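Trainee: Residues 98 to 366 (our numbering) are what the sequence shown spells out, left to right. We put the beta carbon where it would ideally sit given N, CA and C, even for glycine. Please read all numbers here as calculations on a predicted model, not as lab measurements. Have a look at this one before I ask anything.
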Amino acid sequence: MTGRENPWPLRGVIGHARSMTRSFDELISEAATADVTGWGFAWLTGRATEQRAPWGYTRLVAERAVGATALLDVETGGGEVLAGIPGLPARTVATEYWPPNLAVARRTLHPLGVEVVDGDPQQLPFEDETFDLVISRHPVALPWGEAARVLRPGGTLLSQGIGSDSMLELAEAVAGPRPPSTTSRAEGNAEAARAAGLTVTDLRTAALRAEFFDIGAVVYFLRKVVWTVPDFSIETHRAPLAELHQRIRTEGSFVAHAQRFLIEAHKPV
Numbered sequence: 098m099t100g101r102e103n104p105w106p107l108r109g110v111i112g113h114a115r116s117m118t119r120s121f122d123e124l125i126s127e128a129a130t131a132d133v134t135g136w137g138f139a140w141l142t143g144r145a146t147e148q149r150a151p152w153g154y155t156r157l158v159a160e161r162a163v164g165a166t167a168l169l170d171v172e173t174g175g176g177e178v179l180a181g182i183p184g185l186p187a188r189t190v191a192t193e194y195w196p197p198n199l200a201v202a203r204r205t206l207h208p209l210g211v212e213v214v215d216g217d218p219q220q221l222p223f224e225d226e227t228f229d230l231v232i233s234r235h236p237v238a239l240p241w242g243e244a245a246r247v248l249r250p251g252g253t254l255l256s257q258g259i260g261s262d263s264m265l266e267l268a269e270a271v272a273g274p275r276p277p278s279t280t281s282r283a284e285g286n287a288e289a290a291r292a293a294g295l296t297v298t299d300l301r302t303a304a305l306r307a308e309f310f311d312i313g314a315v316v317y318f319l320r321k322v323v324w325t326v327p328d329f330s331i332e333t334h335r336a337p338l339a340e341l342h343q344r345i346r347t348e349g350s351f352v353a354h355a356q357r358f359l360i361e362a363h364k365p366v
């Protein structure tokens, strides 16, 4: 997730040199059996890179956690963000709904005194006005009404999301052309926040260069970030994967762009 906003360490050239000696079948077989639970990307060390979001999400969370007495992390993944925040509030709680990630999050966060709960992703199991800081990184669909309900007056909600057409170049290379989105996920989330009664104070977007140095890195990424190609499988996409493998061998890497947005909102007093 390394910091979660820079999950892919910058050692791509080394990874590329190593992958040049390995066959297509060797690379995809290795990636097919790699553990993709949690929301860490250490497996891609030396095999792929991604730029940091310019705002530094983890740093922003740490700054806003100072002075907070109760913090909620919605869809914590494997707990990577909270594990990197020093001096967590006395009450810090996380939610996670995907069973493999839930197990990872509990192993990571319970030693830090953080409770991890599951349940309905659209109905937070907390009383009204419980938290003065609510955060969420890359949620599937942040329940804005519920987040606003559990936020105390004057409290802050900070979220980093996946923008429209994220990794479009990679999706098209593997699954063929698709029409670009006609709506902005950033603006849609801002509208949802306002509809929930929150005041949006910051909304930013960024396109982040991602570079893959071998086809194994591509397969691992598509297995982990499942919304990139929702029906992805090695068997059904073997032919385009083989083409992409040859392209990486010829050109040295494959470049795509991750789309991110940051939204900060406050609950009126």
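Inspect the CB distances between the segment 311–326 and the segment 131–141 and report whether three or more fall short of 8 Å.
Mentor: Yes, the segment 311–326 is in contact with the segment 131–141.
Trainee: For chain D, find out if any of its Cβ atoms is closer than 8 Å to the Cβ of Phe121; answer yes or no.
Mentor: The structure shown contains no chain D; it is built from a single protein chain.
Trainee: Let me know if Gln257 comes out buried or exposed under the rule of 16 or more other beta-carbons within 10 Å of its beta-carbon.
Mentor: With 16 or more other Cβ atoms from the protein chains shown falling within 10 Å of its own Cβ, Gln257 counts as buried.
Trainee: Helix, strand or coil for Val326, going by three-state DSSP, please let me know.
Mentor: coil
Trainee: Cutting at 7 Å between CB atoms, please list the residues of its own chain near Arg306, excluding the five before and the five after it.
Mentor: Gln148, Val352, His354
Trainee: Inspect the beta-carbon positions of His363 and Gly285 and report whether they are closer than 8 Å.
Mentor: Taking 8 Å as the Cβ cut-off, His363 and Gly285 do not qualify as a contacting pair.
Trainee: Write down every uninterrupted run of the beta strand (DSSP E) in the segment 177–232 whose length is 3 residues or greater and which is fully enclosed by it, in chain order.
Mentor: 188–192, 212–214
Trainee: Over what stretch of residues does the alpha helix (DSSP H) that includes Ser126 continue unbroken?
Mentor: 121–129
Trainee: Roughly how far, in whole angstroms, is the beta-carbon of Trp241 from the beta-carbon of Ala290, given that I think they are within contact range, below 8 Å?
Mentor: 5 Å
Trainee: Would you kindly work out how many angstroms separate the C-alpha atoms of Leu59 and Ile360, rounded to a whole number?
Mentor: Coverage of the chain is limited to positions 98 through 366, which leaves residue 59 absent and any answer about it impossible.
Trainee: By DSSP, does Thr65 sit in helix, in strand, or in coil?
Mentor: Given a span of 98 to 366 for the chain in the structure shown, any question on residue 65 remains unanswerable.
Trainee: The alpha helix (DSSP H) spanning Ile312 covers which residue range?
Mentor: 312–321
Trainee: Could you tell me the distance, in whole angstroms, from the CA atom of Leu265 to the CA atom of Thr205?
Mentor: Spanning the two alpha carbons is a distance of roughly 32 Å.
Trainee: According to the Cβ coordinates, are Ile259 and Asp170 closer than 8 Å?
Mentor: no
Trainee: In chain order, what residues of the same chain have a beta carbon less than 6 Å from the beta carbon of Gln219, not counting five sequence neighbours either side?
Mentor: Once the five neighbours on either side are set aside, the close Cβ partners of Gln219 are Pro240.
Trainee: If contact is defined by three or more beta carbon pairs under 8 Å, each pair taking one atom from either stretch, is the segment 192–212 in contact with the segment 152–161?
Mentor: no
Trainee: For the alpha helix (DSSP H) holding Thr155, just list the boundary residues, first then last.
Mentor: Per DSSP, Thr155 belongs to the alpha helix (DSSP H) from 154–162.
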